[in-house]
Amino acid sequence: MFSSFSRRHFAKLAGLAALGLTASPTEAAESKAKQGKDRHAPAPFPKDFVWGTATSSYQIEGAVKEDGRGPSIWDTFSHTPGKIGDGTNGDRANEHYHRYKEDVRLIKDLGVKAYRFSIAWPRVFPEGTGKPNPKGLDFYNRLLDELLANGIEPYATLYHWDLPQALQDKVGGWQSSETSKAFAEYSGYVAERLSDRVKYFFTLNEAGRFLNFGYGWGIDAPGLKLPTAELNQARHHTVLGHGLAVQAIRASARKGTKVGIAENIAACVPAFATPEHIRATEMATRELNAGFLGVILEGKYTDGFLAYSGKDAPKFTADELKIIGSKNDFVGLNIYAPQFYIAASDKKPGWSVLPFPASFPHMNSEWLRIGPEVIYWAPRLAAKVWNIENIFITENGTSSEDKLTADGKVNDLDRISFLRNYLLQLQRATAEGVPVRGYFLWSLMDNFEWIFGFEKRFGVYHVDFETQARVPKLSAAFYRDVVAKNAIGV
Ligand code: BG6
């Protein structure tokens with residue numbers, strides 16, 4: 003197959019050469035693009051567009067027993083036999099706790115000016131609440147100073163899944179509103195001490211994922227399979243925790259500090275772009291996100307959500323809804339794959355979810371279906387449905403097989419192809435005025451990928467987990483070029 007394609011390909015090239023045509027079409031296209039006259043390329047990203055990269059604490063830090071850190075539910079879960087695909091855990095991970103200076107240099111080498119990382123709650127409050135551990139916060143003080151000294155703006159996430167084990171043991175974690183309150187206390191404490199250098203705080207990362215996977219299906223920590231009513235109640239406690247944290251941050255941070263959430267929006271895409279399908283997809287976006295983003299951005303559960311949940315709906319008060327609906331300064335969207343393709347329907351509710359054909363393409367992770375248009379549609383529809391003024395793409399990227407060649411290179415052409423196509427769609431969105439202010443590539447470097455252990459590699463830097471050597475992949479150079487041009491070179 004490959005050789006017949008190659009032969010045809012070369013025959014064609016040879017034919018063109020014979021006609022003396024090889025150089026001219028390319029040259030013409032290049033000079034047209036240089037003059038900015040290529041009608042097919044959207045305008046570059048806005049001048050002040052924020053380019054960044056992202057990581058999370060448990061996935062890279064290691065040092066799980068150092069300087070008074072308490073255990074988290076992910077320590078317990080990853081040490082439970084059979085839970086992690088390759089039997090590993092985050093005890094060592096990328097040793098970022100000790101190698102953070104080297105890692106800040108890697109960020110700088112990409113030419114990005116922003117870095118999204120997460121703070122480990124059990125480093126700051128080893129028991130979840132009560133007595134803080136100043137040594138834990140000191141690590142983030144060191145990291146922030148290093149970032150700022152290198153001209154990199156920190157974007158801090160307060161919860162990327164490493165819940166203090168003590169809270170799980172004492173109150174059942176997110177099953178109790180005690181955890182929502184403890185989260186707010188911890189968030190206020192951190193904001194008070196770090197907001198002299200951190201201007202952007204994200205509360206929860208992907209409540210929709212950690213709740214459903216961890217408390218519903220039992221495949222993430224803490225590994226529970228709650229019945230629907232209890233799961234919905236826990237869901238309510240996560241959004242309540244977000245709202246309480248927004249208030250606590252506003253009460254204790256310096257003036258000008260901005261706060262929002264980072265959510266894996268149930269990303270809906272119209273089957274194809276007709277006005278009916280687009281309208282249907284707006285309705286679907288609202289309903290399919292009603293339990294997380296919807297209630298946060300509207301301060302209420304939709305009638306559809308409450309009717310669908312029936313007797314399993316969460317119990318809540320009007321006051322709680324007010325807290326949950328506290329105004330956000332921005333919304334972070336983690337966007338990897340199209341989750342739902344939507345078509346208009348004559349039947350109620352006016353839209354239907356189309357099934358994925360088995361042949362739908364995906365990247366190295368099976369869940370990571372390829373649909374670059376999702377990064378155009380999800381922010382566009384979210385901005386329209388909830389009237390959002392500032393959106394960050396807080397995560398986007400892909401796993402790849404990433405083999406190191408004998409001469410120490412990683413030619414991750416599939417990642418480059420993925421990023422090129424997604425970023426072109428994002429560029430299209432900003433060119434059309436969709437209010438996306440920045441983009442954080444997941445991930446800076448290969449890391450502990452939760453239940454996949456070290457088997458899945460998402461980094462633009464390759465990590466040898468034995469020697470801890472970091473090597474830039476070809477995609478690091480690709481991303482640096484995009485950042486430098488503030489556009490996808492087409
Ligand atoms: C996102 C998470 O959902 O996806 C990241 O916020 C994670 O922490 C990334 O690394 C990839 O997910 P997974 O499940 O393939 O490791």
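So in our numbering, the last spot in the sequence shown is 492, and the numbers never skip.
Don't be surprised by glycine CBs; every beta carbon is placed ideally from N, CA and C.
Cβ-based burial, residue i [other Cβ within 10 Å; buried from 16]
{"i": "residue 119", "result": "buried"}
{"i": "residue 30", "result": "Residue confidence is low: residue 30 scores 47 on pLDDT, short of 50, so the model does not pin down where it sits. No coordinate-derived value is stated."}
{"i": "residue 181", "result": "buried"}
{"i": "residue 264", "result": "buried"}
{"i": "residue 219", "result": "exposed"}
{"i": "residue 288", "result": "buried"}
{"i": "residue 23", "result": "Residue confidence for residue 23 is low, a pLDDT of 39 falling below 50, so the modelled location carries little weight; the figure read from the coordinates is stated next. Exposed, because fewer than 16 other Cβ atoms sit within 10 Å of the Cβ of residue 23."}
{"i": "residue 83", "result": "exposed"}
{"i": "residue 448", "result": "buried"}
{"i": "residue 369", "result": "exposed"}
{"i": "residue 491", "result": "exposed"}
{"i": "residue 481", "result": "buried"}
{"i": "residue 295", "result": "buried"}
{"i": "residue 493", "result": "No information on residue 493 is available, as it lies outside the stretch 3 to 492 that the chain covers here."}
{"i": "residue 391", "result": "exposed"}
{"i": "residue 28", "result": "In this predicted model, residue 28 has a pLDDT of only 48, less than 50, meaning its place in the structure is not dependable; the value taken from the coordinates is given anyway. Classification of residue 28: exposed, given that the 10 Å Cβ count is below 16."}
{"i": "residue 104", "result": "exposed"}
{"i": "residue 351", "result": "exposed"}
{"i": "residue 33", "result": "With a pLDDT of 49 at residue 33, under the threshold of 50, the predicted position of this residue should be treated as unreliable, though the coordinate-derived value follows. Exposed: under 16 other Cβ atoms inside 10 Å."}
{"i": "residue 566", "result": "There is no way to answer for residue 566, as the model of the chain reaches only from 3 to 492."}
{"i": "residue 256", "result": "exposed"}
{"i": "residue 136", "result": "exposed"}
{"i": "residue 240", "result": "buried"}
{"i": "residue 230", "result": "exposed"}
{"i": "residue 382", "result": "buried"}
{"i": "residue 319", "result": "exposed"}
{"i": "residue 324", "result": "exposed"}
CA nearest to the CA of residue i, picked from the options
{"i": "residue 468", "options": "90, 60, 250, 46", "result": "90"}
{"i": "residue 60", "options": "121, 44, 115", "result": "121"}
{"i": "residue 353", "options": "185, 270, 319", "result": "270"}
{"i": "residue 148", "options": "109, 410, 197, 272", "result": "109"}
{"i": "residue 145", "options": "191, 185, 200", "result": "200"}
{"i": "residue 321", "options": "373, 290, 238", "result": "238"}
{"i": "residue 228", "options": "195, 176, 191", "result": "176"}
{"i": "residue 395", "options": "49, 235, 425, 410", "result": "425"}
{"i": "residue 62", "options": "472, 187, 486", "result": "472"}
{"i": "residue 341", "options": "133, 363, 371, 404", "result": "371"}
Simplified DSSP assignment, three categories, for residue i
{"i": "residue 349", "result": "coil"}
{"i": "residue 100", "result": "helix"}
{"i": "residue 365", "result": "coil"}
{"i": "residue 484", "result": "helix"}
{"i": "residue 473", "result": "strand"}
{"i": "residue 81", "result": "coil"}
{"i": "residue 465", "result": "strand"}
{"i": "residue 219", "result": "coil"}
{"i": "residue 181", "result": "helix"}
{"i": "residue 1", "result": "A question about residue 1 goes unanswered here, because the residues of the chain that appear run from 3 up to 492."}
{"i": "residue 280", "result": "helix"}
{"i": "residue 25", "result": "Reliability of the predicted coordinates at residue 25 is poor, the pLDDT of 40 falling under 50, and no value is obtained from them."}
{"i": "residue 166", "result": "strand"}
{"i": "residue 412", "result": "coil"}
{"i": "residue 207", "result": "strand"}
{"i": "residue 107", "result": "helix"}
{"i": "residue 214", "result": "helix"}
{"i": "residue 344", "result": "strand"}
{"i": "residue 200", "result": "coil"}
{"i": "residue 354", "result": "strand"}
The alpha helix (DSSP H) enclosing residue i, as first and last residue numbers
{"i": "residue 377", "result": "376–388"}
{"i": "residue 250", "result": "230–254"}
{"i": "residue 146", "result": "136–151"}
{"i": "residue 299", "result": "297–300"}
{"i": "residue 432", "result": "415–433"}
{"i": "residue 309", "result": "305–311"}
{"i": "residue 46", "result": "Premise fails: residue 46 is in no alpha helix (DSSP H) and is neither H nor E."}
{"i": "residue 124", "result": "123–126"}
{"i": "residue 293", "result": "Unbroken run through residue 293: none, as it is neither H nor E."}
Extent of the continuous beta strand (DSSP E) to which residue i belongs
{"i": "residue 161", "result": "155–161"}
{"i": "residue 393", "result": "393–398"}
{"i": "residue 260", "result": "260–265"}
{"i": "residue 371", "result": "Per DSSP, residue 371 belongs to no beta strand (DSSP E) and is neither H nor E."}
{"i": "residue 60", "result": "It is not in any beta strand (DSSP E) - residue 60 instead sits in the alpha helix (DSSP H) that spans 59–62."}
Residue i beta carbon near the ligand GTP (any heavy atom closer than 7 Å)
{"i": "residue 207", "result": "The ligand GTP is not part of this structure, which contains only the ligand BG6."}
Count the CB pairs spanning the stretch 405–422 and the stretch 380–393 that are closer than 8 Å, and state whether there are at least three. Flag = no, the stretch 405–422 and the stretch 380–393 do not touch.
Could you tell me whether the stretch 399–414 touches the stretch 474–482, using the rule of 3 or more Cβ pairs below 8 Å? yes
Measuring CB atoms only, is the stretch 278–288 touching the stretch 211–230, in the sense that at least three cross pairs come out at less than 8 Å? no
The stretch 373–383 in contact with the stretch 310–330 per 3-pair CB rule at 8 Å: no
Counting Cβ pairs closer than 8 Å, one from the stretch 48–63 and one from the stretch 446–461, do we hit at least three? yes
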